[in-house]
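Shown next, in structure tokens, is the structure this report addresses.
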Amino acid sequence: MADPIVYGPAFSMKLRSVRLALEWKSVPYALRDVDVLGGGHLRPEHLARHPFGKVPVLEHDGFVVYETQAILRYIDDAFKGLSLQPAHMRSRARMSQIMGIIDFYCYPSMATSIVMERFFKPLLGGSADENLIAQALPQTQTCIDVLNRSLEASPYLAGNSPSLADILLVPIIDYFRQTPEGAHLLPSGPNLVRWWERISEHPGIEKTRPTLGG
Ligand SMILES: N[C@@H](CCC(=O)N[C@@H](CS)C(=O)NCC(=O)O)C(=O)O
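In short: position in the sequence shown from 1, add 20, done, that's the numbering used here.
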């Protein structure tokens, strides 16, 4: 079987989660850049892979799948090694719940409104929309509180070992912690801070860390 191919730019948070799942499972893969900033995600060859013109996309032996949660579950099911989904149905339900929380509440506030405005917009020559950032703060705080509570009883979001929920969260926290809002708000979630220190020891984190503006 051919190695899987991951399509998308290294700076994408969701693409990084896909790479992290492959790194965690020690699966070799090829990374094919899609020039999102230059409109490459809207060209016919990429729209054939992802009709909504987004990244990431995974291709494995002729099988093409998009939507990060689906890709992550496929990776865990398709490749041997460390399991990234808890065996017990309630822990698995908790993992799915947290993945939903990350995508629907944390990503829009912490990533789209804060990380994009603080990091990506200035890199592209714009300036941060302070109103948008201010509006995102209450939901960001709720995300920190909910994630912090999930980490009260166990070292990882859905149990004693890292799961797909942790892998979905890592890229958001890695950018967010470097923003002024992250530096200010993250200490209100001490379990989350300890989680970051613990999980960031995995070599895959450094290996997949994007270089911005370099
Ligand atoms: N629901 C999709 C969302 C994918 C998504 O929004 N990807 C962003 C990058 S992280 C993207 O493609 N942005 C380009 C654009 O929206 O034009 C998933 O979870 O995979």
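No residue lacks a Cβ here, since even glycine has one placed at the ideal position from N, Cα and C.
Looking at the secondary structure, which residues open and close the alpha helix (DSSP H) in which residue i lies?
i           : result
residue 185 : 184-196
residue 94  : 88-98
residue 240 : Because the chain in this structure spans residues 21 to 234, residue 240 falls outside the shown range and cannot be described.
residue 38  : 33-44
residue 202 : 200-205
residue 128 : First-last for residue 128: undefined, no H or E at that position.
residue 61  : It is not in any alpha helix (DSSP H) - residue 61 carries neither H nor E in the DSSP assignment.
Tell me the rounded alpha-carbon separation between residue i and residue j.
i           : j           : result
residue 82  : residue 93  : 17 Å
residue 200 : residue 21  : 45 Å
residue 221 : residue 215 : 10 Å
residue 85  : residue 51  : 15 Å
residue 186 : residue 232 : 23 Å
residue 41  : residue 224 : 9 Å
residue 156 : residue 150 : 10 Å
residue 116 : residue 124 : 12 Å
residue 73  : residue 67  : 5 Å
residue 136 : residue 174 : 31 Å
residue 191 : residue 211 : 17 Å
residue 91  : residue 183 : 14 Å
residue 209 : residue 198 : 16 Å
residue 171 : residue 120 : 16 Å
residue 106 : residue 96  : 11 Å
residue 189 : residue 163 : 11 Å
residue 70  : residue 181 : 32 Å
residue 98  : residue 37  : 16 Å
residue 207 : residue 134 : 17 Å
residue 145 : residue 102 : 42 Å
Looking only at C-alpha atoms, which of the options sits nearest to residue i?
i           : options               : result
residue 140 : 57, 181 and 47        : 57
residue 110 : 73, 177, 86 and 59    : 177
residue 161 : 213, 210, 205 and 27  : 205
residue 130 : 142, 154 and 89       : 154
residue 113 : 87, 126, 179 and 76   : 179
residue 65  : 182, 172, 27 and 126  : 27
residue 89  : 63, 174, 71 and 39    : 39
residue 61  : 34, 44, 37 and 29     : 29
residue 218 : 194, 198, 120 and 203 : 194
residue 33  : 63, 71, 77 and 59     : 77
residue 100 : 44, 165 and 132       : 44
residue 48  : 75, 63, 103 and 80    : 80
residue 213 : 145, 229, 167 and 228 : 167
residue 127 : 226, 230, 23 and 196  : 196
residue 143 : 31, 159, 23 and 24    : 31
residue 118 : 230, 226, 165 and 25  : 165
How far does the beta strand (DSSP E) with residue i in it reach, from first residue to last?
i           : result
residue 221 : Run containing residue 221: none; DSSP gives neither H nor E here.
residue 79  : 77-80
residue 113 : Taken as a continuous stretch (DSSP letters only), residue 113 belongs to no beta strand (DSSP E), being part of the alpha helix (DSSP H) at 109-121.
residue 50  : 50-52
residue 135 : Careful: residue 135 lies outside any beta strand (DSSP E) and carries neither H nor E.
residue 26  : 25-27
Any beta-carbon of chain B closer than 9 Å to the one on residue i?
i           : result
residue 172 : The structure shown contains no chain B, having only a single protein chain.
Using the beta-carbon count (16 or more within 10 Å), is residue i buried or exposed?
i           : result
residue 46  : exposed
residue 108 : exposed
residue 35  : buried
residue 104 : buried
For review: beta carbons within less than 6 Å of any heavy atom in ligand 1: 32, 33, 34, 56, 61, 74, 75, 87 and 88
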